[in-house]
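Novice:
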Amino acid sequence: MRLVTFETDGRTATGCELNAEQVLDFTHPAAQLEQPREALGWFDLASNSLQQARVLAQELADDSARLEALKEAGAVLSTQHITLLAPIPRPGKFLCIGLNYRDHAEESGMAVPEEPVVFSKCITAVTGPEAPVFLPESSQRVDYEAEFAIVIGKRCRRVAREEAMQYVLGYTCVNDVSARDLQERDGQWVRAKSLDSFGPMGTAVVTADEIDNPHALGIRLRLNGETLQDSNTNQLIFGVDELVSFLSRDITLEPGDVISTGTPPGVGFARKPPIYIKDGDVMEVEIDGLGVLRNPVRR
2 MRLVTFETDG RTATGCELNA EQVLDFTHPA AQLEQPREAL GWFDLASNSL
52 QQARVLAQEL ADDSARLEAL KEAGAVLSTQ HITLLAPIPR PGKFLCIGLN
102 YRDHAEESGM AVPEEPVVFS KCITAVTGPE APVFLPESSQ RVDYEAEFAI
152 VIGKRCRRVA REEAMQYVLG YTCVNDVSAR DLQERDGQWV RAKSLDSFGP
202 MGTAVVTADE IDNPHALGIR LRLNGETLQD SNTNQLIFGV DELVSFLSRD
252 ITLEPGDVIS TGTPPGVGFA RKPPIYIKDG DVMEVEIDGL GVLRNPVRR
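Under our numbering, the letters of the sequence shown match residues 2 to 300, in that order.
(1) In this structure, how does DSSP classify Gln230 when only helix, strand and coil are distinguished?
(2) Cβ of Asn176 within 8 angstroms of Cβ of Val286?
(3) Which residue or residues does DSSP assign as beta-bridge partners of Asn176?
(4) Are at least three pairs of beta-carbons, each pair with one atom in the stretch 149-160 and one in the stretch 65-72, less than 8 angstroms apart?
(5) Going by the DSSP bridge assignment, what does Glu185 pair with across the sheet?
(6) Quick one: using the 10 Å Cβ neighbour count with 16 as the cut-off for buried, is Glu18 buried or exposed?
(7) Alpha carbon to alpha carbon, what distance is there between Gly263 and Glu107?
(8) Take Arg223 as the anchor and find which of Tyr145, Ala180 and Met202 has the nearest alpha-carbon.
(9) Could you check if His82 is buried or exposed, using at least 16 other CB atoms within 10 Å of its CB as the buried criterion?
(10) Can you tell me whether Asp242 is buried or exposed? The criterion is at least 16 other CB atoms within 10 Å of its CB, across all chains shown.
(11) Given a cut-off of 8 angstroms, decide if Glu131 and Asn20 are closer than it, judged by their beta-carbon atoms.
(12) How many Å lie between Lys279 and Arg300 at the Cα?
(13) Taking Val113 as part of the alpha helix (DSSP H), name the residues at either end of that continuous run.
(14) According to DSSP, is Pro37 part of a helix, a strand, or is it coil?
(15) Determine the DSSP secondary structure at Met166, reduced to helix, strand or coil.
(16) To the nearest angstrom, report how far apart Met166 and Val119 are at their CA atoms.
(17) Would a C-beta distance cut-off of 8 angstroms place Leu34 and Ala54 closer than the cut-off?
(18) Using the C-alpha atoms, what's the distance from Thr208 back to Pro137?
(19) Enumerate, from N- to C-terminal direction, the unbroken alpha helix (DSSP H) stretches of 4 or more residues contained entirely within the stretch 189-262.
(20) Output the distance between the C-alpha atoms of Asp289 and Ala217, rounded to the nearest integer angstrom.
(21) Have a look at Ser232, Met284, Arg250 and Leu291 and flag the residue whose alpha-carbon is nearest the alpha-carbon of His105.
(22) Using only alpha-carbon positions, find the residue among Phe27, Glu60 and Ala31 that is nearest to Asn49.
(23) Closer than 8 angstroms, CB to CB, is Glu115 near chain B or not?
(24) I'd like the span of the beta strand (DSSP E) that includes Arg299, first residue to last.
(25) Of all the options Gly110, Ile238 and Arg103, which has the alpha carbon lying nearest to the alpha carbon of Arg272?
(26) For Thr204 versus Val24, is the C-beta distance shorter than 8 angstroms?
(27) Any idea if Ser139 is buried or exposed, counting beta-carbon neighbours within 10 angstroms, 16 or more meaning buried?
(28) Would Cys174 and Leu248 be called neighbours here (beta carbons separated by less than 8 angstroms)?
Right, dumping it as structure tokens:
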């Protein structure tokens with residue numbers, strides 16, 4: 002499934018893409034799905050709500066009459082009539098990994114880390130596809146970072162690496178927008194990476210069963226149509242299973258938590274001359290099997 006969060010008729014809903022033109026609204030009464038107590042319940046692998054939604058989506062693929070009935074009732078919507086938000090607008094945790102691509106570590110002139118470099122972005126940085134990334138007055142050097150992100154689907158603590166994948170709900174695209182001058186000035190990364198709108202995410206959470214191998218996905222970033230990052234998740238130093246296991250040693254992970262796994266080479270600050278985003282630019286993160294996350298830049 003491709004899980005999405007969207008606005009329609011002044012309300013926020015969670016659902017899934019049925020195809021490129023239609024989404025199923027899990028929250029609509031006509032869908033007759035058990036509603037979770039919290040919005041993040043739709044991202045909980047142990048939730049009856051998610052299991053029922055999965056079954057319904059599968060049934061609709063083979064039952065055109067039922068699909069039409071739900072469309073008439075308003076539970077199936079045209080993508081033209083919704084506004085996509087970040088699939089998880091308020092994750093419980095937004096954890097990030099630094100220097101996790103071998104080729105990016107080389108580009109940065111830094112040693113390959115022996116264990117994951119962990120930091121976090123504030124959840125107020127999260128924004129959705131097509132939403133503007135706003136350039137702050139406090140920074141003159143704002144950079145892009147295409148990232149492949151893990152979405153946790155079950156509560157876990159001290160999980161062995163060989164069991165870690167069963168706690169993964171799926172994956173999404175993230176742009177870890179970063180204020181490089183603040184990053185240098187502060188000596189740590191939280192503020193530089195947590196400014197409002199600096200966490201574009203989406204367009205969907207693609208469930209893990211849809212991705213054959215998360216460690217063999219092309220990942221690219223385009224700025225105004227020009228490809229500036231072009232790598233593959235096979236370059237990850239620490240893979241999905243390693244990261245979930247490592248983080249869960251000390252941090253309880255819960256459904257809807259997001260782990261952004263780091264960026265490949267080609268970031269703006271490492272280019273000669275450097276490239277920083279400016280008002281009017283358009284950034285696109287594309288990951289094989291996940292889609293394209295597009296965001297304009299505004300001052």
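Cβ atoms here follow ideal geometry from the backbone N, Cα and C, with glycine treated the same way.
Specialist: According to the data block:
(1) strand
(2) yes
(3) Ala147
(4) no
(5) According to DSSP, which records beta bridges pairwise, Glu185 is partnered with nothing at all.
(6) buried
(7) 14 angstroms
(8) Tyr145
(9) exposed
(10) buried
(11) no
(12) 8 angstroms
(13) Looking at the DSSP string, Val113 is not in any alpha helix (DSSP H), and its letter there is neither H nor E.
(14) coil
(15) helix
(16) 19 angstroms
(17) yes
(18) 34 angstroms
(19) 191-195 and 241-249
(20) 9 angstroms
(21) Ser232
(22) Phe27
(23) Within the model displayed, chain B is absent; a lone protein chain is all it includes.
(24) Gly292 to Arg299
(25) Gly110
(26) no
(27) exposed
(28) no
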